[in-house]
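When we follow our numbering, the leftmost residue of the sequence shown carries the number 1125, and every step to the right adds one.
So the structure is just underneath, and the comments pick up after that.
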Amino acid sequence: IQNGTADLECGSTTNNAERAQQVDFTTNIFEIGTRLLVKKDKDGKPSYGDFADLKGKNVVTTAGTTSERIIKAMNADKQMGMNVISAKDHGESFQMLESGRAVAFMMDDALLAGEEAKAKKPDDWVITGTPQSFEAYACMVRKDDPAFKKAVDDAIVGLFKSGEINKIYSKWFESPIPPKGLNLNFPMSDKVKELIANPSDKPAPDVKI
(Lines of atoms letter the chains of each structure in order from A and count residues from 1; the text may use other names and numbers.)
(Lines give C-alpha, C1' and ligand atoms only; values in the text may rest on other atoms or scores of the structure.)
Protein backbone atom coordinates (compact mmCIF):
# COMPACT_ATOMS: atom_id res chain seq x y z
CA ILE A 1 0.00 0.00 0.00
CA GLN A 2 2.69 2.51 1.03
CA ASN A 3 4.91 1.99 -2.02
CA GLY A 4 1.97 2.04 -4.44
CA THR A 5 2.14 -1.61 -5.52
CA ALA A 6 -1.45 -2.00 -4.31
CA ASP A 7 -4.21 0.57 -3.85
CA LEU A 8 -6.39 -1.43 -1.47
CA GLU A 9 -5.79 -4.21 1.06
CA CYS A 10 -8.94 -5.90 2.27
CA GLY A 11 -8.62 -8.96 4.50
CA SER A 12 -8.55 -9.60 8.23
CA THR A 13 -6.51 -6.47 9.02
CA THR A 14 -7.30 -4.82 12.34
CA ASN A 15 -7.98 -1.09 12.27
CA ASN A 16 -5.76 0.26 15.05
CA ALA A 17 -4.03 3.51 16.00
CA GLU A 18 -0.53 2.14 15.37
CA ARG A 19 -1.25 1.17 11.75
CA ALA A 20 -3.24 4.38 11.21
CA GLN A 21 0.02 6.33 11.53
CA GLN A 22 1.14 4.78 8.23
CA VAL A 23 -2.09 4.15 6.28
CA ASP A 24 -5.73 5.24 6.22
CA PHE A 25 -8.53 2.84 7.03
CA THR A 26 -11.89 2.65 5.29
CA THR A 27 -15.23 2.20 7.01
CA ASN A 28 -14.98 -0.89 9.20
CA ILE A 29 -16.24 -4.07 7.53
CA PHE A 30 -16.29 -6.59 10.40
CA GLU A 31 -15.80 -6.89 14.14
CA ILE A 32 -14.46 -9.83 16.13
CA GLY A 33 -13.84 -10.86 19.71
CA THR A 34 -10.70 -12.73 20.78
CA ARG A 35 -11.87 -16.03 22.27
CA LEU A 36 -10.92 -19.72 22.63
CA LEU A 37 -11.41 -22.87 20.58
CA VAL A 38 -11.46 -25.99 22.78
CA LYS A 39 -12.53 -29.62 22.56
CA LYS A 40 -15.98 -30.60 23.80
CA ASP A 41 -16.15 -32.96 26.77
CA LYS A 42 -18.17 -36.21 26.76
CA ASP A 43 -21.32 -34.21 27.62
CA GLY A 44 -20.84 -31.92 24.63
CA LYS A 45 -19.77 -28.95 26.77
CA PRO A 46 -16.50 -26.98 26.50
CA SER A 47 -13.64 -28.87 28.18
CA TYR A 48 -12.37 -25.45 29.34
CA GLY A 49 -15.07 -22.80 29.72
CA ASP A 50 -13.06 -19.62 30.08
CA PHE A 51 -9.58 -18.16 30.37
CA ALA A 52 -9.42 -18.64 34.15
CA ASP A 53 -9.62 -22.42 33.58
CA LEU A 54 -6.33 -22.42 31.67
CA LYS A 55 -3.95 -21.96 34.62
CA GLY A 56 -0.90 -24.17 34.15
CA LYS A 57 -2.11 -25.42 30.73
CA ASN A 58 -0.63 -25.39 27.23
CA VAL A 59 -2.36 -22.70 25.15
CA VAL A 60 -1.59 -22.03 21.49
CA THR A 61 -2.02 -18.82 19.50
CA THR A 62 -0.61 -17.51 16.22
CA ALA A 63 2.63 -15.53 16.22
CA GLY A 64 2.44 -11.79 15.54
CA THR A 65 -1.25 -11.42 16.39
CA THR A 66 -3.14 -9.33 18.94
CA SER A 67 -4.15 -12.59 20.63
CA GLU A 68 -0.50 -13.47 21.21
CA ARG A 69 0.11 -10.11 22.87
CA ILE A 70 -3.02 -10.39 25.04
CA ILE A 71 -2.50 -13.99 26.21
CA LYS A 72 1.15 -13.35 27.11
CA ALA A 73 0.23 -10.20 29.05
CA MET A 74 -2.59 -12.03 30.85
CA ASN A 75 -0.25 -14.89 31.72
CA ALA A 76 2.27 -12.50 33.27
CA ASP A 77 -0.20 -10.13 34.96
CA LYS A 78 -2.33 -12.86 36.54
CA GLN A 79 0.55 -15.31 37.11
CA MET A 80 -1.42 -18.10 35.45
CA GLY A 81 1.55 -20.34 34.67
CA MET A 82 0.33 -21.11 31.15
CA ASN A 83 2.75 -22.43 28.56
CA VAL A 84 1.93 -20.12 25.63
CA ILE A 85 2.88 -21.68 22.28
CA SER A 86 3.21 -19.33 19.27
CA ALA A 87 2.54 -21.18 16.02
CA LYS A 88 3.54 -19.80 12.62
CA ASP A 89 -0.02 -19.63 11.22
CA HIS A 90 -3.62 -20.48 12.13
CA GLY A 91 -3.43 -23.91 10.50
CA GLU A 92 -0.43 -24.88 12.61
CA SER A 93 -2.16 -23.49 15.72
CA PHE A 94 -5.14 -25.75 15.11
CA GLN A 95 -2.87 -28.75 14.48
CA MET A 96 -1.32 -28.16 17.92
CA LEU A 97 -4.81 -28.16 19.43
CA GLU A 98 -6.06 -31.16 17.45
CA SER A 99 -2.99 -33.24 18.35
CA GLY A 100 -3.41 -32.50 22.07
CA ARG A 101 -0.21 -30.47 22.40
CA ALA A 102 -2.42 -27.56 23.51
CA VAL A 103 -5.81 -27.58 25.26
CA ALA A 104 -7.00 -24.24 23.84
CA PHE A 105 -6.38 -22.04 20.78
CA MET A 106 -6.85 -18.28 21.31
CA MET A 107 -7.64 -16.15 18.25
CA ASP A 108 -10.28 -13.96 16.58
CA ASP A 109 -13.60 -15.81 16.89
CA ALA A 110 -14.32 -15.69 13.15
CA LEU A 111 -10.92 -17.21 12.35
CA LEU A 112 -11.52 -19.91 14.97
CA ALA A 113 -14.81 -20.71 13.23
CA GLY A 114 -12.89 -21.20 9.99
CA GLU A 115 -10.44 -23.64 11.56
CA GLU A 116 -13.28 -25.47 13.30
CA ALA A 117 -15.13 -25.88 9.98
CA LYS A 118 -12.01 -27.38 8.34
CA ALA A 119 -11.45 -29.91 11.15
CA LYS A 120 -11.80 -33.66 10.50
CA LYS A 121 -14.67 -33.67 13.03
CA PRO A 122 -16.00 -30.10 13.41
CA ASP A 123 -18.58 -31.20 15.99
CA ASP A 124 -15.76 -32.13 18.40
CA TRP A 125 -14.86 -28.45 18.90
CA VAL A 126 -16.51 -25.35 20.35
CA ILE A 127 -15.73 -21.62 20.58
CA THR A 128 -15.93 -20.40 24.16
CA GLY A 129 -14.59 -17.83 26.63
CA THR A 130 -15.25 -14.19 27.44
CA PRO A 131 -13.83 -11.95 24.65
CA GLN A 132 -10.58 -10.38 25.82
CA SER A 133 -10.66 -7.67 23.16
CA PHE A 134 -12.87 -6.51 20.33
CA GLU A 135 -11.23 -5.60 17.03
CA ALA A 136 -12.60 -3.95 13.92
CA TYR A 137 -11.42 -5.13 10.51
CA ALA A 138 -11.14 -2.51 7.77
CA CYS A 139 -9.50 -2.09 4.37
CA MET A 140 -6.20 -0.21 4.15
CA VAL A 141 -5.64 2.62 1.65
CA ARG A 142 -2.87 5.20 1.19
CA LYS A 143 -2.95 8.27 3.39
CA ASP A 144 -2.66 10.75 0.50
CA ASP A 145 -5.77 9.71 -1.46
CA PRO A 146 -8.95 10.92 0.30
CA ALA A 147 -11.00 10.67 -2.91
CA PHE A 148 -10.23 6.95 -3.23
CA LYS A 149 -10.97 6.35 0.46
CA LYS A 150 -14.33 8.11 0.01
CA ALA A 151 -15.17 5.94 -3.02
CA VAL A 152 -14.48 2.76 -1.03
CA ASP A 153 -16.33 4.09 2.03
CA ASP A 154 -19.37 4.96 -0.09
CA ALA A 155 -19.42 1.45 -1.60
CA ILE A 156 -19.21 -0.22 1.83
CA VAL A 157 -21.87 2.01 3.40
CA GLY A 158 -24.07 1.43 0.34
CA LEU A 159 -23.95 -2.34 0.96
CA PHE A 160 -24.83 -1.74 4.61
CA LYS A 161 -27.77 0.60 3.96
CA SER A 162 -29.29 -1.45 1.13
CA GLY A 163 -29.31 -4.62 3.21
CA GLU A 164 -27.19 -6.39 0.58
CA ILE A 165 -24.62 -7.07 3.32
CA ASN A 166 -27.05 -9.53 4.94
CA LYS A 167 -27.13 -11.69 1.79
CA ILE A 168 -23.34 -11.55 1.50
CA TYR A 169 -22.91 -12.47 5.15
CA SER A 170 -25.33 -15.39 4.92
CA LYS A 171 -23.56 -16.72 1.81
CA TRP A 172 -20.09 -16.77 3.35
CA PHE A 173 -20.68 -17.32 7.07
CA GLU A 174 -23.89 -19.37 7.31
CA SER A 175 -24.00 -21.48 4.13
CA PRO A 176 -21.81 -24.19 2.53
CA ILE A 177 -18.87 -22.62 0.70
CA PRO A 178 -17.62 -24.22 -2.57
CA PRO A 179 -15.61 -26.21 -3.48
CA LYS A 180 -15.52 -28.28 -0.26
CA GLY A 181 -18.90 -27.21 1.09
CA LEU A 182 -17.48 -25.90 4.38
CA ASN A 183 -20.04 -24.09 6.53
CA LEU A 184 -18.69 -21.75 9.21
CA ASN A 185 -22.07 -21.70 11.03
CA PHE A 186 -21.11 -18.27 12.37
CA PRO A 187 -24.23 -16.11 12.93
CA MET A 188 -23.88 -12.34 12.74
CA SER A 189 -22.90 -10.97 16.15
CA ASP A 190 -24.49 -8.00 17.88
CA LYS A 191 -21.19 -6.14 17.35
CA VAL A 192 -21.37 -6.62 13.58
CA LYS A 193 -25.05 -5.61 13.52
CA GLU A 194 -24.10 -2.45 15.42
CA LEU A 195 -21.25 -1.77 12.98
CA ILE A 196 -23.67 -2.05 10.02
CA ALA A 197 -26.24 0.22 11.67
CA ASN A 198 -23.63 2.85 12.59
CA PRO A 199 -20.76 2.81 10.05
CA SER A 200 -17.43 4.14 11.32
CA ASP A 201 -13.77 4.17 10.31
CA LYS A 202 -12.57 4.40 13.92
CA PRO A 203 -10.73 1.52 15.69
CA ALA A 204 -12.78 -0.66 18.03
CA PRO A 205 -11.82 0.05 21.63
CA ASP A 206 -9.85 -2.69 23.36
CA VAL A 207 -11.94 -4.48 25.96
CA LYS A 208 -9.92 -6.05 28.74
CA ILE A 209 -11.81 -8.36 31.08
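No residue lacks a Cβ here, since even glycine has one placed at the ideal position from N, Cα and C.
Here the structure is a predicted model, which is why all the values come from computation and not from measurement.
With a 10 Å radius around the Cβ and a threshold of 16 neighbouring Cβ atoms, Gln1146 comes out exposed. One Cα belongs to Lys1317, the other to Ala1234, and the distance between them is close to 15 Å.
In the pairwise beta carbon analysis, the stretch 1245 to 1252 is classified as not touching the stretch 1134 to 1148: fewer than three pairs are separated by under 8 Å.
Note on geometry: alpha-carbon atoms of Ile1209 and Asp1269 lie some 40 Å from one another. Pro1323 and Thr1151 do touch by the CB rule: their CB atoms are close to 5 Å apart, below 8 Å. For Ile1320, same chain residues with a beta-carbon under 8 Å away, outside a window of 5 residues either side, are Phe1284, Ile1289 in chain order. Taking 8 Å as the cut-off, the beta carbon of Glu1155 is found closer than this to the beta carbon of Lys1315. In the same chain as Gly1238, and ignoring 5 residues on each side of it, the C-beta atoms closer than 7 Å to its own belong to Leu1308, in chain order. DSSP assignment within the stretch 1179 to 1236 yields the following whole beta strand (DSSP E) runs of 3 residues or more, N-terminal first: 1182 to 1186, 1207 to 1211, 1228 to 1232. The stretch 1254 to 1290 contains, as complete beta strand (DSSP E) runs of 3+ residues, the segments 1258 to 1261 (chain order). The three-state secondary structure of Pro1170, taken from DSSP, is strand. In this structure Arg1193 is exposed. Its beta-carbon is surrounded by fewer than 16 other beta-carbon atoms within 10 angstroms. In the assembly as shown, Asp1213 is an exposed residue. Its beta-carbon has fewer than 16 other beta-carbons within 10 Å. Taking C-beta separations shorter than 7 Å and ignoring five residues to either side along the sequence, the partners of Pro1170 in its chain run Val1162, Lys1164, Val1250, Thr1252, following chain order.
A distance of 8 Å or more separates the beta carbons of Val1281 and Asp1148.
For Leu1319, no beta strand (DSSP E) segment is defined; the enclosing uninterrupted segment is the alpha helix (DSSP H) at 1314 to 1321.
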